[in-house]
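Undergrad: The structure under discussion is supplied below as structure tokens; questions concerning it will follow.
Next up, the structure:
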């Protein structure tokens, strides 16, 4: 009798294990097992998506009246609308908490203009790049010294370049061959522009969006940005970063669908229009870069 009872308990236990093992991503509904909705399917069915952002202009931020906007937000909004997801709810999060928050299901997508990096790619599923950030230079109108790269500056020992003290650009220009005697350090970005306007330097450098924003505000026809500037190669790598939306690793289908719509925005010209609204230019357009190319260093 005890053997029969023990045998019955073992059989029942094994059946229970089989049922759990067969469950996978299913849930019981009306007596039947049905596949649980993916994040993408759920967002489409409910008509809204929750995104994480870090309140960092121009990428993603809340306006004084509470509207969520920014380059990354508006790109995502256009893509989600095309997917049939009409509403986007934002969750304000410190930048360092965005990836943990995504993995903890506090939100479903990161729309913060996050740079694609190898360590981050092990934690999240990046979409393809929606913008690129590189270095930029501004010169006197007409570019009289014909400067199109840091190497051009290094080749002409008479050229003086203004660089903000403590900025990453200082090491970049030195590693590109520019002599320290050619470098004029300034306390801040406005001081760099003032030095160029006054003729104390021949060229200034900073990140593309920062330079463009400053020139747009200055509205000075005596200076101009060099739009065909060649990005420097530092320690064997292009000094250029790419930003993108990020998804949970299990939401690869969502990232793939997002990429398809992102490509449509590129081809239609709408992506560039959105970028320009937030101070970006053609130089920040990602072209045909993919997340795979970024991670492989192509």
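In the numbering used here, the protein residues as written are 24 to 321.
Glycine included, every Cβ here is placed at the ideal spot set by N, Cα and C.
Name the residue from 88, 152 and 129 whose alpha carbon lies nearest to the alpha carbon of residue 99.
TA: Checked all of 88, 152 and 129; the closest Cα to residue 99 is 152.
Undergrad: Taking Cβ positions, are residue 245 and residue 220 nearer each other than 8 Å?
TA: Contact flag set, yes.
Undergrad: Based on the DSSP secondary-structure assignment, which residues constitute the bridge partners of residue 112?
TA: BP columns for residue 112 point to 73.
Undergrad: How many Å lie between residue 109 and residue 176 at the Cα?
TA: Answer to the nearest angstrom: the Cα atoms are 49 Å apart.
Undergrad: Run the CB neighbour count on residue 239, radius 10 Å, all protein chains shown included, and call it buried at 16 or more, exposed below.
TA: Exposed is the call here.
Undergrad: Just grab the DSSP bridge partners of residue 270 for me.
TA: Residue 270 is bridged to 132 and 148.
Undergrad: Can you give the Cα-Cα distance for residue 135 and residue 103, rounded to whole angstroms?
TA: Whole-angstrom Cα-Cα distance: 15 Å.
Undergrad: Assign residue 205 to one of two classes, buried (16 or more other C-beta atoms within 10 Å of its C-beta) or exposed (fewer than that).
TA: Result: buried.
Undergrad: Report the rounded CA-to-CA distance for residue 189 versus residue 195, giving the unit in angstroms.
TA: Roughly 12 Å separates the two Cα atoms.
Undergrad: Going by C-alpha distance, which of 314, 242 and 142 is nearest residue 266?
TA: Measuring from the Cα of residue 266, the nearest candidate turns out to be 314.
Undergrad: Quick check on the burial criterion: 16 or more other C-beta atoms within 10 angstroms. Buried or exposed for residue 68?
TA: Flag for residue 68 reads exposed.
Undergrad: Taking buried to mean at least 16 other C-beta atoms within 10 Å of its own C-beta, is residue 111 buried or exposed?
TA: Looking at its Cβ environment, which holds 16 or more other Cβ atoms inside 10 Å, residue 111 is buried.
Undergrad: Along the alpha helix (DSSP H) that carries residue 187, what are the first and last residues, could you check?
TA: That residue, residue 187, is in no alpha helix (DSSP H); its beta strand (DSSP E) goes 184–187.
Undergrad: On the criterion of 16 or more Cβ atoms from any shown chain inside 10 Å, does residue 317 qualify as buried, or is it exposed?
TA: Result: buried.
Undergrad: Alpha carbon to alpha carbon, how far is residue 89 from residue 124? Give it in angstroms, no decimals.
TA: The straight-line gap from Cα to Cα measures roughly 21 Å.
Undergrad: Go ahead and pull the three-state DSSP assignment for residue 118.
TA: Three-state DSSP puts residue 118 in a helix.
Undergrad: Measure how close the beta-carbons of residue 83 and residue 101 come, nearest whole angstrom, since I'm counting them as under 8 Å.
TA: With 8 Å as the limit, residue 83 and residue 101 do not qualify as a contact, their Cβ atoms being about 14 Å apart.
Undergrad: Would you mind working out which of 119, 148, 71 and 133 sits nearest residue 273, comparing C-alpha positions?
TA: Ranking the options by Cα distance to residue 273, first place goes to 148.
Undergrad: Closer than 8 Å, CB to CB, is residue 100 near chain B or not?
TA: Of the chains in the structure shown, none is chain B; there is only one protein chain.
Undergrad: Identify the residues that DSSP records as bridge partners of residue 265: which are they?
TA: Partner(s): 155.
Undergrad: Using only the alpha-carbon positions, how far apart do residue 78 and residue 181 sit?
TA: Using only the alpha carbons, I get a separation of about 43 Å.
Undergrad: Have a look at residue 164 and residue 208 and give me their C-alpha separation to the nearest angstrom.
TA: One C-alpha to the other measures close to 22 Å.
Undergrad: Taking the Cβ atom as the reference point for each residue, do residue 61 and residue 251 lie within a distance shorter than 8 Å?
TA: Their beta carbons are not under 8 Å apart, which means residue 61 does not touch residue 251 by this criterion.
Undergrad: What is the residue span of the alpha helix (DSSP H) that residue 192 lies within?
TA: Residue 192 -> alpha helix (DSSP H) spans 191–198.
Undergrad: What are the start and end residues of each continuous beta strand (DSSP E) run of 3 or more residues lying completely inside the region 242–313, in chain order?
TA: With a minimum length of 3 residues, the continuous beta strand (DSSP E) runs that stay inside the region 242–313 are 246–248 and 264–270.
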